[in-house]
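Heads up, the thing below is written out as structure tokens.
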Amino acid sequence: MFKQVKELNELNDLVSSQGLVLVYFSQPNCSVCHGLKPQVEAKLKEFSDDIAFLDVNTEDIPEVSGEYQVMTVPVILLFLDGREYMRKARFVPIAELYADVKKIVTGVNSMA
134 MFKQVKELNE LNDLVSSQGL VLVYFSQPNC SVCHGLKPQV EAKLKEFSDD IAFLDVNTED
194 IPEVSGEYQV MTVPVILLFL DGREYMRKAR FVPIAELYAD VKKIVTGVNS MA
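So this is what it looks like as structure tokens:
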């Protein structure tokens with residue numbers, strides 16, 4: 134479900150051109166990241182037709198931390214047309230994440 138992004142320019146292009154985009158920032162040595170990602174995938178898969186899901190390893194793209202103000206991992210950002218609408222970091226309650234994403238997707242779909 135998540136597309137791996139390896140370059141900052143690619144990430145910027147996707148965030149600004151894809152409508153709804155959820156970006157999952159993580160690092161290989163982060164146990165919380167590895168535990169949370171499968172939960173995010175399972176809980177949000179019903180939105181896969183509405184949202185582009187991107188995965189960014191902040192060690193692969195160090196400059197992403199400054200560009201997107203990612204000071205810890207994991208961080209989940211949801212963008213709409215390049216604008217940040219939601220930010221969750223570190224210990225993310227899955228039910229809260231689901232409710233927030235559903236509210237945004239429902240709002241966007243009702244305007245279409």
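The numbering of the sequence shown is my numbering, which starts it at 134 and goes up by one.
Just so you know, even glycine gets a beta-carbon here, dropped at the ideal spot from N, CA and C.
N- and C-terminal bounds of the beta strand (DSSP E) containing residue i
i           : result
residue 209 : 208-213
residue 219 : 216-222
residue 188 : 185-190
Nearest neighbour of residue i, chosen from the options [CA to CA]
i           : options               : result
residue 220 : 181, 173 and 211      : 211
residue 158 : 149, 139 and 176      : 139
residue 205 : 162, 141, 155 and 137 : 162
residue 179 : 226, 134 and 216      : 134
Coarse secondary structure for residue i, derived from DSSP in three states
i           : result
residue 151 : coil
residue 137 : strand
residue 165 : helix
residue 239 : helix
residue 172 : helix
residue 227 : helix
Residues bridged to residue i (per DSSP)
i           : result
residue 160 : DSSP, once it has assigned bridges, lists no residue as partnering residue 160.
Sub-7 Å separation of residue i and residue j beta-carbons
i           : j           : result
residue 151 : residue 185 : yes
residue 208 : residue 222 : yes
residue 203 : residue 141 : no
residue 177 : residue 136 : no
Terminal residues of the alpha helix (DSSP H) in which residue i lies
i           : result
residue 181 : From DSSP, residue 181 is part of no alpha helix (DSSP H); its letter is neither H nor E.
residue 203 : From DSSP, residue 203 is part of no alpha helix (DSSP H); its letter is neither H nor E.
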